[in-house]
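Novice: Mind having a look at this structure? Questions to follow.
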Amino acid sequence: MRRYKIAWLPGDGIGGEVCAAARQVLDAAGLEADYVQGDIGWECWRREGDPLPQRTIDILRTTDCAFFGAITSKPAARAARELAPELQSKGLTYRSPIIRLRQMLDLYICLRPCRAFPGNPLNYRDNIDLVIFRENTEGMYIGVEFPTIPESFRAEAAVARLQKSAAISLRSVTPEASRRIVEAAFRYAVKHGRRKVTAVHKANVLRATCGVFLEAAEEVAARYPQIQFETANVDAMCMWLLKNPRSYDVLVTTNLFGDILSDLCAQLVGGMGFAYSGNIGDSYAVFEPTHGSAPKYAGRNVVNPLAAILAAKMMVEWLGETDIARAIEQAVAHVIEQGDVRTYDMGGAAGTSEVAHAVAESLRFARLPGPASLMIASRP
Ligand code: IPM
Ligand code: MG
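In the numbering used here, each residue's number is its place in the sequence shown (first place is 1) plus 50.
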């Protein structure tokens, strides 16, 4: 095994605790890596006016991939008020560092697997196993927003009829970004023996942007006749996911719909304690538990670290260390099924560190080869 260099970005809130849990499991699993600690998050914003300082970006440029914990995000006006006094008048605006990372590094795939682990008392239904491919660089996340409508926009008839007091947020969807996310979903489906890809949209209302997405999806789907392809409106999709979650396999969608659907799907398989993501580009990736920084739980050793541990598993898999990834997944499955060591969300009284310890312990027994279909990501 080669020795990897991993940017380690715990962030704030519960980020530190869940990253420590993930690290304990990575070490127990035998991943050989050097971890380069990077500053990111709320304290960087408050003290320096930038939640993603240049020195952290520099670390990303010299590492194989990054692992990110969680950070506190607040609406722009509130964030500005909490800046250190000497930074208050500089006109700084807060933008979520994870969004910046996704866009800056062109991590166009947000991969979010939702699998019901056998024995998880929080499963909405057993045997749910779906994967979300969320476009990660454009859509409603481009940050082009106006608190009031700029005069120059008023020349457009459609804009002129809007109320003067309206704020507007723009959505951009390109054929290029649509094609590559759909392509990634189909490639994944082929590689992992998945039967169906569902493209989720709202093209009956968002005709321009969702129209582009849908057209790209149909074009790509035509190249994969062996995979079933269907499309669904996002509202209906929410209903169908609750009604028949087992009928879905690979979902692919635009940025904001993917954000919303991924929380819904997370809840089908146990909630945010089980939700993990890979932000994946062609040569770099950032792995993270999907949950936020949960400040009220910070430092209390109570939150579920499994999302972070599963994010670490995905990272290892992307690095190409499939045996280690499989072992971590089996160890997690074992701890869940066994049921003795559970955090509060699962009805238990164990702490974050105890769950991490239990997974690390069961790694010793989890070295048997498992089904390849568990593996979900790999480095190109
Ligand atoms: C997610 C989160 C982020 C997003 C926030 C923290 C900016 O909700 O990763 O799903 O909206 O993408
Ligand atoms: Mg989200």
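The C-beta atom is built at its ideal place from N, Cα and C for all residues, glycine as well.
Just so it is clear, the structure is predicted and the values come from calculations on it, not from any experiment.
When you compare the region 249-259 with the region 278-292, are there three or more beta-carbon pairs, one atom per stretch, that lie closer than 8 Å?
Specialist: Verdict: yes, contact present.
Novice: Under the criterion of a Cβ to heavy atom distance below 6 Å, does residue 309 qualify as lining ligand 2?
Specialist: Yes, the beta carbon of residue 309 sits closer than 6 Å to at least one heavy atom of ligand 2.
Novice: In chain order, which beta strand (DSSP E) runs of at least 3 residues are fully inside the region 186-262?
Specialist: Segments of the beta strand (DSSP E) lying fully in the region 186-262: 246-251.
Novice: If you run the structure through DSSP and keep just helix, strand and coil, what is residue 54?
Specialist: Strand, per DSSP.
Novice: Near residue 424, which residues of its chain fall below 7 Å by C-beta distance, leaving aside the five closest residues on each side in sequence?
Specialist: Since pLDDT at residue 424 reaches only 44, below the 50 mark, its modelled position is unreliable, and the value read off the structure follows with that caveat. So the list reads 376, 379, once near-sequence residues are dropped.
Novice: What I want to know is whether the C-beta of residue 343 ends up closer than 6 Å to one or more non-hydrogen atoms of ligand 1.
Specialist: No, the Cβ of residue 343 stays beyond 6 Å of every heavy atom of ligand 1.
Novice: At a threshold of 6 Å, does residue 146 count as lining ligand 1 (C-beta to nearest heavy atom)?
Specialist: Checking the Cβ of residue 146 against ligand 1 gives yes.
Novice: Could you check which residue in 101, 330, 265, 320 has the C-alpha nearest to that of residue 179?
Specialist: Here the closest residue by C-alpha is 320.
Novice: Which stretch, first to last residue, makes up the alpha helix (DSSP H) that contains residue 402?
Specialist: Run containing residue 402: 402-412, per the alpha helix (DSSP H) assignment.
Novice: Which one of 238, 112, 382 has the shortest CA to CA distance from residue 413?
Specialist: Looking at the Cα atoms, 382 is the closest of the given residues.
Novice: Rounded to the nearest angstrom, how far is the Cβ of residue 85 from that of residue 149, given a contact under 8 Å?
Specialist: With a Cβ gap of about 24 Å, residue 85 and residue 149 do not count as contacting.
Novice: State buried or exposed for residue 421, treating a residue as buried only when at least 16 other CB atoms are found within 10 Å of its CB.
Specialist: Low per-residue confidence applies at residue 421: pLDDT is 45, beneath 50, and the placement is therefore not dependable enough to give any value.
Novice: Tell me, which residues are paired with residue 327 by DSSP?
Specialist: DSSP, once it has assigned bridges, lists 338 as partnering residue 327.
Novice: Assess, as a yes-or-no matter, whether the region 89-104 is touched by the region 59-73 under the definition of 3 or more beta carbon pairs within less than 8 Å.
Specialist: With the cut-off at 8 Å, the region 59-73 and the region 89-104 touch.
Novice: Can you tell me whether residue 11 is buried or exposed? The criterion is at least 16 other CB atoms within 10 Å of its CB, across all chains shown.
Specialist: This structure gives no information on residue 11, because the portion of the chain shown stretches from 51 to 430.
Novice: Take every Cβ of the region 255-269, pair it with every Cβ of the region 214-230, and state whether three or more of those distances are shorter than 8 Å.
Specialist: Short answer: they touch.
Novice: In its own chain, which residues sit with a C-beta less than 6 Å from the C-beta of residue 306, not counting the 5 before and 5 after it?
Specialist: Same-chain partners within the cutoff: 189, 190.
Novice: Keeping to the same chain, check which residues put their C-beta closer than 7 Å to that of residue 409; ignore five residues upstream and five downstream.
Specialist: If we look at residue 409 and ignore the five residues flanking it on each side, its Cβ neighbours are 75, 359, 381, 382, 385.
Novice: Which runs of the alpha helix (DSSP H), 4 residues or longer, sit entirely within the region 129-157?
Specialist: Counting whole runs of 4 or more residues, the region 129-157 contains the alpha helix (DSSP H) stretches 147-154.
Novice: From what residue to what residue does the beta strand (DSSP E) around residue 165 run?
Specialist: Residues 159-165.
Novice: Using C-beta distances below 7 Å, list every residue in its chain close to residue 169, excluding the 5 sequence neighbours before and after it, in chain order.
Specialist: Counting only Cβ-Cβ distances below 7 Å, and skipping sequence neighbours, we find 386, 387, 389.
Novice: Please check the pair residue 323 and residue 354, which I expect to be a contact at CB under 8 Å, by giving their CB distance rounded to whole angstroms.
Specialist: Right, the Cβ-Cβ distance comes to about 3 Å (below 8 Å), so this counts as a contact.
Novice: Could you pull the start and end residues of the alpha helix (DSSP H) that residue 390 belongs to?
Specialist: That residue, residue 390, is in no alpha helix (DSSP H); it is neither H nor E in DSSP.
Novice: Give me whichever residues DSSP pairs with residue 282 in a beta bridge.
Specialist: Looking at the DSSP assignment, residue 282 forms a beta bridge with 250.
Novice: Would you mind working out which of 313, 134, 124, 341 sits nearest residue 99, comparing C-alpha positions?
Specialist: The shortest C-alpha separation from residue 99 is found at 134.
Novice: At which residues does the alpha helix (DSSP H) containing residue 362 begin and terminate?
Specialist: First-last of the alpha helix (DSSP H) with residue 362: 356-369.
Novice: In the DSSP output, what is residue 179 paired with across the bridge?
Specialist: BP columns for residue 179 point to 165.
Novice: Around the Cβ of residue 69, are there at least 16 other Cβ atoms within 10 angstroms (buried) or fewer (exposed)?
Specialist: Under this definition residue 69 is a buried residue.
Novice: Between the C-alpha atoms of residue 345 and residue 241, what's the straight-line distance to the nearest angstrom?
Specialist: C-alpha separation (whole angstroms): 39 Å.
Novice: So is residue 371 buried or exposed if we call it buried at 16+ other beta carbons inside 10 Å?
Specialist: By the neighbour-count rule (16 or more Cβ atoms within 10 Å), residue 371 is buried.
Novice: For the region 53-103, which segments carrying the beta strand (DSSP E) assignment without a break, of at least 3 residues, lie completely within its bounds, in sequence order?
Specialist: Within the region 53-103, the complete beta strand (DSSP E) runs of at least 3 residues are 54-61, 83-87.
Novice: Among 121, 157, 347, which one has its Cα closest to the Cα of residue 144?
Specialist: The shortest Cα separation from residue 144 among 121, 157, 347 belongs to 121.
Novice: Locate the beta strand (DSSP E) running through residue 119, then write down its first and last residues.
Specialist: Note, residue 119: beta strand (DSSP E), 115-120.
Novice: Whose CA, out of 78, 303, 130, lies closest to the CA of residue 411?
Specialist: Of the listed residues, the one whose Cα sits closest to residue 411 is 78.
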